[in-house]
């Protein structure tokens, strides 16, 4: 991705920061803000598409609150200690509730994808048969151009979410298996 961001992240990760416990919280907080604001953008998308359905909007608002809540609590799930008498820090432990933000985010993104897919597939001008809906879902056939573009964007994002979630879960299981 962006080499500048990668270099900044690397510098911050290996820099002699001292004050390890404070550093943990201040370095984890931007991630919580990023997760929360990204999720609220999807809530706004749901709100725009389901503007006349207060029940759906309410459910997705509660989902967003769960993502925001777990993101905020994940800031307090990490801790580190200084490495000997130096100003460098090492991870001490990660509390298990820190993983809950990933579960909440995966559930949120899955349900947003499902709701958006359903609503976009309802825009198909063809007869609403199961076969035509599956064809529209897989190949975006018979969808209006704008709907097709939004649907493709949703599919790409969810494919990225799925790959990221599976990578994180495999890494977490592997680390737990080896006692790290």
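Residue numbers (the numbering used here): 9 to 188. Here a beta-carbon is modelled for each residue, glycine too, at the ideal position from N, C-alpha and C.
Residue burial annotation: residue 60 is exposed, with fewer than 16 other C-beta atoms found within 10 angstroms of its C-beta. Three or more pairs of CB atoms, one per stretch, sit closer than 8 angstroms, so the segment 47-54 contacts the segment 64-71. By the Cβ rule, the segment 67-77 does not count as touching the segment 87-95, because fewer than three pairs are nearer than 8 angstroms. Its Cα nearest to that of residue 84, the residue 40 stands out among 117, 162, 40. For the 8 angstroms CB-CB criterion, residue 88 and residue 28 form a contact. Residue burial is scored here from C-beta neighbours: residue 113 has at least 16 other C-beta atoms within 10 angstroms and is therefore classed as buried. Counting along the chain, the unbroken beta strand (DSSP E) around residue 97 starts and ends at 97-102. For residue 100, the CB contacts under 6 angstroms within the same chain, skipping 5 residues up- and downstream, are 87, 88, 89 in chain order. Distance from the CA atom of residue 82 to the CA atom of residue 117, rounded to whole angstroms, is 18 angstroms.
Here residue 150 carries a coil assignment [DSSP, helix/strand/coil].
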